[in-house]
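If you count the sequence shown from 1, position 90 lands on 90 in full-length UniProt numbering, and the numbers rise without skipping.
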Amino acid sequence: MHMQIGDDVSPKIATRTRDSFAKQGLMAHLGAEMTEVRNGLVSIRLPFRPELTQQHGYFHAGGTSAIADSAGGYAAFTLFPEESSVLTVEFKVNLINPAQGDYLEAIGRVIKHGRTLTICKLDVWGVTGEVRKHVATGMQTLICIQGPTG
(Lines of atoms letter the chains of each structure in order from A; the text may use other names.)
(Lines give C-alpha, C1' and ligand atoms only; values in the text may rest on other atoms or scores of the structure.)
Protein backbone atom coordinates (compact mmCIF):
# COMPACT_ATOMS: atom_id res chain seq x y z
CA MET A 1 0.00 0.00 0.00
CA HIS A 2 1.41 3.39 -1.01
CA MET A 3 1.42 6.03 1.74
CA GLN A 4 -0.07 9.41 0.90
CA ILE A 5 0.96 12.81 2.26
CA GLY A 6 -1.00 13.37 5.46
CA ASP A 7 -1.43 9.67 6.29
CA ASP A 8 -0.58 8.51 9.82
CA VAL A 9 3.06 7.63 10.42
CA SER A 10 4.34 4.69 12.42
CA PRO A 11 5.05 5.31 16.11
CA LYS A 12 8.76 4.78 15.31
CA ILE A 13 8.81 7.60 12.73
CA ALA A 14 6.78 9.91 14.99
CA THR A 15 9.19 9.30 17.89
CA ARG A 16 12.28 9.76 15.69
CA THR A 17 10.86 13.05 14.35
CA ARG A 18 9.84 14.41 17.77
CA ASP A 19 13.18 13.37 19.30
CA SER A 20 15.11 15.25 16.61
CA PHE A 21 12.89 18.34 17.06
CA ALA A 22 13.57 18.22 20.82
CA LYS A 23 17.31 18.64 20.08
CA GLN A 24 16.74 22.02 18.41
CA GLY A 25 17.85 24.71 20.81
CA LEU A 26 16.19 27.50 18.84
CA MET A 27 12.76 25.86 18.90
CA ALA A 28 13.05 25.37 22.68
CA HIS A 29 14.24 28.96 23.10
CA LEU A 30 11.26 30.28 21.11
CA GLY A 31 8.81 28.04 23.00
CA ALA A 32 7.70 26.21 19.84
CA GLU A 33 6.06 22.80 20.05
CA MET A 34 5.49 20.12 17.43
CA THR A 35 1.74 19.49 17.42
CA GLU A 36 1.28 17.10 14.49
CA VAL A 37 3.45 14.51 12.75
CA ARG A 38 2.03 12.80 9.68
CA ASN A 39 3.49 11.27 6.56
CA GLY A 40 5.12 14.24 4.80
CA LEU A 41 3.26 16.80 6.96
CA VAL A 42 4.28 18.45 10.23
CA SER A 43 2.70 21.26 12.28
CA ILE A 44 4.52 23.47 14.76
CA ARG A 45 2.83 25.88 17.16
CA LEU A 46 4.43 29.04 18.54
CA PRO A 47 2.50 30.62 21.45
CA PHE A 48 2.51 34.41 21.62
CA ARG A 49 4.95 36.09 24.01
CA PRO A 50 6.05 39.73 23.96
CA GLU A 51 9.67 38.52 23.56
CA LEU A 52 8.76 37.17 20.08
CA THR A 53 7.51 40.48 18.66
CA GLN A 54 8.88 43.20 16.45
CA GLN A 55 8.39 46.96 16.98
CA HIS A 56 4.66 46.95 16.04
CA GLY A 57 3.77 44.12 18.42
CA TYR A 58 3.39 41.45 15.70
CA PHE A 59 5.30 38.16 15.78
CA HIS A 60 8.77 38.86 14.34
CA ALA A 61 9.43 37.48 10.85
CA GLY A 62 12.44 35.62 12.27
CA GLY A 63 10.22 33.49 14.50
CA THR A 64 7.63 33.05 11.75
CA SER A 65 10.32 31.90 9.31
CA ALA A 66 12.02 29.65 11.86
CA ILE A 67 8.90 27.61 12.61
CA ALA A 68 8.04 27.42 8.88
CA ASP A 69 11.56 26.11 8.15
CA SER A 70 11.37 23.49 10.91
CA ALA A 71 7.86 22.37 9.93
CA GLY A 72 8.95 21.76 6.33
CA GLY A 73 12.21 20.14 7.36
CA TYR A 74 10.48 17.68 9.63
CA ALA A 75 7.74 16.98 7.08
CA ALA A 76 10.52 15.84 4.72
CA PHE A 77 12.29 13.98 7.54
CA THR A 78 9.24 11.73 8.04
CA LEU A 79 9.91 10.31 4.55
CA PHE A 80 13.68 9.87 4.90
CA PRO A 81 15.45 6.55 5.61
CA GLU A 82 16.12 5.66 9.25
CA GLU A 83 19.88 6.29 9.12
CA SER A 84 19.68 9.79 7.64
CA SER A 85 19.13 13.39 8.62
CA VAL A 86 17.74 16.53 7.04
CA LEU A 87 19.21 19.94 6.20
CA THR A 88 17.57 22.93 4.55
CA VAL A 89 19.20 23.89 1.25
CA GLU A 90 17.04 26.95 0.60
CA PHE A 91 13.70 28.48 1.50
CA LYS A 92 11.65 31.53 0.61
CA VAL A 93 8.83 32.92 2.70
CA ASN A 94 6.34 35.61 1.69
CA LEU A 95 4.87 37.49 4.66
CA ILE A 96 1.31 38.12 3.47
CA ASN A 97 -0.42 39.49 6.59
CA PRO A 98 0.76 40.81 9.97
CA ALA A 99 1.60 37.78 12.12
CA GLN A 100 -0.63 38.10 15.15
CA GLY A 101 -2.78 35.89 17.32
CA ASP A 102 -2.72 33.72 20.42
CA TYR A 103 -0.25 31.53 18.55
CA LEU A 104 1.22 30.88 15.11
CA GLU A 105 0.80 27.51 13.45
CA ALA A 106 3.31 26.51 10.78
CA ILE A 107 2.44 23.62 8.47
CA GLY A 108 5.09 22.01 6.31
CA ARG A 109 3.85 19.73 3.52
CA VAL A 110 5.96 17.69 1.11
CA ILE A 111 5.21 18.55 -2.51
CA LYS A 112 7.90 16.40 -4.19
CA HIS A 113 9.97 13.75 -2.45
CA GLY A 114 13.21 12.63 -4.06
CA ARG A 115 16.15 10.45 -3.05
CA THR A 116 18.38 13.48 -2.45
CA LEU A 117 16.23 16.65 -2.62
CA THR A 118 12.72 17.15 -1.30
CA ILE A 119 10.48 20.17 -1.94
CA CYS A 120 8.01 21.43 0.70
CA LYS A 121 5.21 23.98 0.80
CA LEU A 122 5.24 26.15 3.92
CA ASP A 123 2.23 27.94 5.40
CA VAL A 124 1.91 29.86 8.65
CA TRP A 125 -1.38 30.86 10.24
CA GLY A 126 -2.10 33.34 13.02
CA VAL A 127 -4.73 31.81 15.30
CA THR A 128 -6.99 33.55 17.81
CA GLY A 129 -9.79 31.37 19.15
CA GLU A 130 -11.53 29.88 16.11
CA VAL A 131 -10.18 32.54 13.71
CA ARG A 132 -7.25 31.54 11.47
CA LYS A 133 -5.49 34.13 9.30
CA HIS A 134 -2.89 33.17 6.70
CA VAL A 135 0.23 35.18 7.59
CA ALA A 136 3.03 33.57 5.54
CA THR A 137 3.56 31.15 2.67
CA GLY A 138 6.65 29.76 1.04
CA MET A 139 8.63 26.98 -0.57
CA GLN A 140 11.64 25.03 0.67
CA THR A 141 14.26 22.63 -0.66
CA LEU A 142 15.76 20.05 1.71
CA ILE A 143 18.56 17.53 1.35
CA CYS A 144 18.67 14.03 2.76
CA ILE A 145 22.04 13.39 4.43
CA GLN A 146 22.81 9.64 4.43
CA GLY A 147 24.49 7.85 7.31
CA PRO A 148 24.23 7.90 11.10
CA THR A 149 23.32 11.20 12.69
CA GLY A 150 24.66 12.93 15.78
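Idealized CB from N, CA, C, for every residue including glycine.
Taking a C-beta distance under 9 angstroms as the contact criterion, Thr-88 and Thr-141 qualify as a contact pair. In the structure shown, His-113 falls within a strand segment according to DSSP collapsed to helix, strand and coil. Taking the Cα positions, Tyr-103 is about 17 angstroms away from Leu-122. Under the 8 angstroms Cβ criterion, the region 73 to 93 does not count as touching the region 48 to 57, having fewer than three qualifying pairs. The alpha-carbon separation between Leu-79 and Gly-63 amounts to approximately 25 angstroms. Residue pairing for Thr-88: DSSP places it in a beta bridge opposite Leu-142. Pairing Gly-108 with Ala-68 gives a Cβ-Cβ distance under 9 angstroms.
If one requires a minimum length of 3 residues, the beta strand (DSSP E) runs lying completely within the region 8 to 67 are 33 to 38 and 41 to 47, in chain order.
Excluding five sequence positions before and after Val-124, the CB atoms of its chain that fall closer than 6 angstroms to its own CB belong to Thr-64, Ala-68, Leu-104, Ala-106, Val-135 and Ala-136, given in chain order.
Between Ala-28 and Ala-22, the CB-CB gap stays under 9 angstroms.
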